[in-house]
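Note that the working numbering gives residue 826 to position 333 of the sequence shown, counting from 1, and the numbers run on in steps of one.
Even glycine gets a Cβ: it sits at the ideal position worked out from N, Cα and C.
Please read these numbers as outputs of a predicted model, since none were measured by experiment.
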Amino acid sequence: MTPPDDTLPDLPAGMGGKLSDNIMHFARVLRAAGLPVGPGHVIRALQAVDAVGIGRRTDFYWTLHAVFVNRRDQRELFDQAFHVFWRNPKILERLMSVILPQMDLPPDEEQEQMARRLAEALRGMAEEDKKQEPDETETELDAVMTWTAQEVLKRKDFEKMSTAELEQAKAVLRRMSLPFSKVITRRYKPDAHGRRIDMRKTLRNSLRGGHTIELARRERQTRRPPLVILCDISGSMSRYSRMLLHFLHAVTNDRDRVHTFLFGTRLTNITRYLRYRDIDVALEKVGDAASDWEGGTRIGASLHEFNRWWSRRVLGQGAIVLLITDGLDREAARGLDREIDRLHRSCRRLIWLNPLLRYDGFEPKSTGIRAILPHVDDFRPVHNLESLEQLTEALSDVGHRQERSVTRWLPTLQ
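Listed below in structure tokens is the structure:
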């Protein structure tokens with residue numbers, strides 16, 4: 494995020510008379526781009542600008558920032574929207590300068606995807622302005638800043654999705670489920686065709702009398718194994734973890750014995766919050782509980798806390814563990830090898846979902862990735878809807894440990 498420099502020219506003098514209208518239009522852009530901005534925010538913004546003034550561009554920036562931004566993940570979008578919207582006092586020219594291909598996009602790929610959402614919101618306003626001003630010359634827009642219905646949504650990276658595509662993807666995620674096959678437990682249930690004789694019940698029935706004794710039979714019960722999810726919410730994973738929360742909410746409400754933990758710099762148990770049927774209420778509760786969004790990553794320390802306080806509670810009866818992280822650890826994987834090994838020994842199957850696998854040239858070079866890889870049973874990408882569909886196929890048979898899909902990576906660790 495780059496606040497306006499005081500060396501930049503001040504706001505145009507002619508904008509003061511229409512400043513309230515421009516702030517209202519700016520709020521509309523933010524709302525169209527995905528920020529929860531309503532009429533109350535506009536009123537508070539006008540009051541704040543009236544109190545602070547517009548003598549300095551930096552003061553104006555932070556005044557609007559204080560009103561319109563209430564979460565950490567909204568900062569980059571607001572920053573780009575401010576620099577684009579308040580660049581030119583002519584609204585139509587300002588909108589066109591964002592949409593046309595000669596615009597200067599930030600070199601960072603993450604900022605480019607955010608700019609795409611912003612451009613989509615501004616394009617909608619530009620079309621409204623054209624309807625209000627029919628005499629304006631029609632400008633043909635470059636196809637780079639548009640998307641069509643023919644694009645395959647399930648193969649598109651979550652980072653590259655527009656606002657509308659994100660909403661469609663969230664709807665698909667909320668309908669997904671994990672088809673775990675059932676595993677045999679130690680408990681028994683009455684079964685007339687069972688292979689084992691229930692001697693206790695047979696002797697109890699014999700007390701009723703009679704010339705013959707009917708053998709009571711029983712069979713082992715089957716049940717879906719518990720599912721434990723450990724999801725990274727650090728800065729490098731924030732885009733994916735926020736989308737995956739919709740998937741985790743659907744999984745939690747689809748079956749019993751699902752336990753979800755978030756970790757960045759510390760471990761947070763959000764299982765009970767995901768039990769809320771309303772996804773908006775659930776995500777609000779999760780956001781309040783996890784205070785380390787988009788921070789650093791301490792994978793080793795977080796797994797140590799899980800192994801110490803939670804593993805015996807949630808890893809019983811052959812639990813399946815989903816570890817969702819890119820493996821980038823700010824502590825250089827200190828203690829990670831020991832903790833991931835203990836986690837692997839405590840569960841039936843450990844599956845690592847890593848968004849970095851979306852790159853064809855991926856190589857396990859970081860210390861965190863090299864420490865985790867030898868101890869996982871499955872290593873899969875998680876960056877789009879298609880990767881999640883492939884995950885459901887991998888979990889279709891969990892009765893026994895399958896052949897490890899990480900074998901191809903192990904020689905690179907030597």
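| Asked | Found |
| --- | --- |
| DSSP on Val-522, reduced to helix/strand/coil? | helix |
| Could you give the residue range of the beta strand (DSSP E) that holds Arg-679? | 676 to 683 |
| For the alpha helix (DSSP H) containing Phe-571, name the first residue and the last one. | 568 to 578 |
| Please report how far the alpha carbon of Gly-546 lies from the alpha carbon of Val-530, in whole angstroms. | 22 angstroms |
| For the alpha helix (DSSP H) holding Leu-735, just list the boundary residues, first then last. | This sequence places Arg at residue 735; Leu is not what is there. 731 to 747 is the span of the alpha helix (DSSP H), which, as asked, contains Arg-735. |
| Does the separation of the CB atoms of Thr-758 and Gly-728 fall below 8 angstroms? | no |
| Determine whether the beta carbon atoms of Leu-712 and Asn-698 lie at a separation below 8 angstroms. | Correcting the residue type first, residue 712 is Glu in the shown sequence and not Leu. Cβ distance not < 8 angstroms, so Glu-712 and Asn-698 don't count as in contact. |
| Report yes if the C-beta distance between Lys-663 and Asn-877 is below 8 angstroms; otherwise report no. | no |
| Taking its Cβ as the centre, do 16 or more other Cβ atoms sit within 10 Å of Ala-783, making it buried, or is it exposed? | buried |
| Can you round the beta-carbon distance between Glu-798 and Leu-829 to whole angstroms, since I take them to be within the 8 angstroms contact cut? | Contact doesn't hold; Cβ gap of about 13 angstroms is too wide. |
| DSSP three-state call for Glu-712: helix, strand or coil? | strand |
| Can you check which of these residues, Ser-731, Asp-834, Leu-737, Arg-521, is closest to Ser-880 by C-alpha distance? | Leu-737 |
| Looking at C-alpha atoms only, which residue of Arg-524, Arg-841, Ile-862 is the closest neighbour of Pro-848? | Ile-862 |
| Taking Cβ to Cβ, would you say Asp-725 is nearer than 8 angstroms to Phe-756? | yes |
| Using the Cα positions of Glu-631 and Ala-574, report the straight-line distance between them to the nearest angstrom. | Per-residue confidence for Glu-631 stands at a pLDDT of 45, beneath the threshold of 50, marking its modelled position as unreliable; the derived number appears in the next sentence. The alpha-carbon atoms of Glu-631 and Ala-574 are separated by roughly 24 angstroms. |
| Just how far apart, CA to CA, sit Asn-974 and Arg-667? | A question about residue 974 goes unanswered here, because the residues of the chain that appear run from 494 up to 907. |
| Can you give the Cα-Cα distance for Asp-552 and Phe-519, rounded to whole angstroms? | 17 angstroms |
| Taking all protein chains shown into account, decide if Asp-819 is buried (16 or more other Cβ within 10 angstroms of its Cβ) or exposed. | buried |
| Counting only runs that start and end within the region 821 to 856, where is the alpha helix (DSSP H) found for 4 or more residues in a row? | 829 to 839 |
| Alpha carbons only, please: which of Arg-750, Met-654, Asp-870, Leu-671 is nearest the one belonging to Arg-841? | Asp-870 |
| Could you check where the beta strand (DSSP E) with Asp-871 kicks off and where it finishes? | 871 to 873 |
| According to the neighbour-count rule (16 or more other Cβ atoms, all chains shown, within 10 Å of its Cβ), is Ala-775 buried or exposed? | buried |
| By the 10 Å Cβ neighbour count, where 16 or more other Cβ atoms means buried, how is Thr-885 classified, buried or exposed? | exposed |
| Between Leu-846 and Val-875, which are expected to be in contact by the criterion C-beta below 8 angstroms, what is the C-beta distance as a whole number of angstroms? | 4 angstroms |
| Got a sec? Which residues, its chain only, sit under 7 angstroms from Leu-808 by beta carbon, not counting five neighbours each side? | Val-721, Ser-839, Cys-840 |
| If you drop the 5 nearest sequence neighbours on each side, which residues of the same chain put their C-beta closer than 6 angstroms to that of Arg-823? | Gly-789, Thr-790 |
| Out of curiosity, what's the CA-to-CA distance linking Pro-549 and Leu-528? | Correcting the residue type first, residue 549 is Arg in the shown sequence and not Pro. Their Cα atoms are separated by approximately 25 angstroms. |
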